[in-house]
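Chemist:
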Amino acid sequence: MEEKLKAVKTIHIALILGLVLAYFFAGNLLNFDFFQIPEIESSTYPFLLIPVAAIFLGNFLYKQQLKNADKRLPLEDKIGVYQTASLIRWAVVEGAAFVILFVKPELIVIGLLLIVYLVFLKPSKEGMKRDFDAVIQ
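Numbering-wise (my numbering), the sequence shown opens with residue 7 and increments by one.
Dropping the structure here:
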């Protein structure tokens, strides 16, 4: 089982590393100006909703994909569905982080929080079992 999860874990790490490198180079993180809280204008509100929407949409799509798995199959045979569901959730969160980085760079701290959230979405056998059990009930 762990051997089959290696591919998913590798993809997860690659997504995080790519996002971190993009933030490091394009986000100009060396000067620590990103810790300053920007003025919140009315044009900023939609960009504050992007991360929240990405988290909820990603989790919704993830659960919908897991429901597509045949409940009679053993956990090892559901790895393909789990991988697809995880990729969809990660892509939504990563997309939101890129939108913030390139469209509204003064909110880079929120993008960094999305990266931290993405780190916590790491694939594991226990998490996979827990998520499939939660969807079945």
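Each residue gets a CB set at the ideal place from its N, CA and C atoms; glycine is no exception. These numbers come from a predicted model, not from an experiment.
Determine the burial state of Ala60: buried for a count of at least 16 other Cβ atoms within 10 Å of its Cβ, exposed for fewer.
Modeler: Along the sequence shown, one-based indexing puts residue 60 at 54. Answer is buried; the Cβ neighbour count reaches 16.
Chemist: Quick one: what's got a C-beta closer than 8 Å to Ser130's C-beta in the same chain, skipping five residues either side?
Modeler: For the purposes of this step, residue 130 is taken as residue 124 along the sequence shown, with counting starting at 1. Same-chain partners within the cutoff: Leu11.
Chemist: Which value, in whole angstroms, describes the spacing of the CA atoms of Val98 and Ile114?
Modeler: Residue 98 sits at position 92 when you count from the first residue of the sequence shown. Residue 114 sits at position 108 when you count from the first residue of the sequence shown. Answer to the nearest angstrom: the Cα atoms are 17 Å apart.
Chemist: Might you give, ordered along the chain, the residues of its own chain that have their beta carbon closer than 6 Å to the beta carbon of Val109, omitting 5 neighbours on each side?
Modeler: Start at 1 with the first residue of the sequence shown, and residue 109 comes out as number 103. Same-chain partners within the cutoff: there are none.
Chemist: From what residue to what residue does the alpha helix (DSSP H) around Glu112 run?
Modeler: By 1-based counting over the sequence shown, the position of residue 112 is 106. First-last for Glu112: undefined, no H or E at that position.
Chemist: Count the CB pairs spanning the region 58-74 and the region 132-142 that are closer than 8 Å, and state whether there are at least three.
Modeler: Touching, yes.
Chemist: Would you kindly work out how many angstroms separate the C-alpha atoms of Ile85 and Gly64, rounded to a whole number?
Modeler: Numbered from its first residue, the sequence shown carries residue 85 at position 79. Numbered from its first residue, the sequence shown carries residue 64 at position 58. Rounded to the nearest angstrom, the two C-alpha atoms are 18 Å apart.
Chemist: Would you mind sorting Met7 into buried or exposed? The rule is 16 or more other CB atoms within 10 Å of its CB.
Modeler: One-based indexing of the sequence shown puts residue 7 at position 1. When all chains shown are included, Met7 counts as exposed.
Chemist: Would you give the residue range spanned by the alpha helix (DSSP H) that Asn65 belongs to?
Modeler: Translated into the one-based positions of the sequence shown, residue 65 becomes position 59. Per DSSP, Asn65 belongs to the alpha helix (DSSP H) from 51-73.
Chemist: Is it buried or exposed, Leu95, if we count other Cβ atoms within 10 angstroms and call 16 or more buried?
Modeler: Residue numbering aside, residue 95 sits at position 89 when the sequence shown is read from its first letter. The identity of residue 95 in the sequence shown is Arg, whereas the question assumes Leu. Buried is the call here.
Chemist: Should Ala13 go down as buried or exposed, given a rule of 16 or more other Cβ atoms within 10 Å for buried?
Modeler: The count along the sequence shown starts at 1 and reaches residue 13 at position 7. Its Cβ having fewer than 16 others within 10 Å, Ala13 is exposed.
Chemist: Contact defined as beta carbons within less than 8 Å: I believe Leu120 pairs with Ala91. What is the distance between those atoms, to the nearest angstrom?
Modeler: As a working mapping, residue 120 is identified with position 114 in the sequence shown. As a working mapping, residue 91 is identified with position 85 in the sequence shown. About 19 Å; that fails the 8 Å criterion.
Chemist: Work out the CA separation of Phe126 and Ala20 for me, nearest whole Å.
Modeler: What you label residue 20 is simply residue 14 of the sequence shown in a count that begins at 1. What you label residue 126 is simply residue 120 of the sequence shown in a count that begins at 1. In a straight line, the C-alpha of Ala20 is about 14 Å away from that of Phe126.
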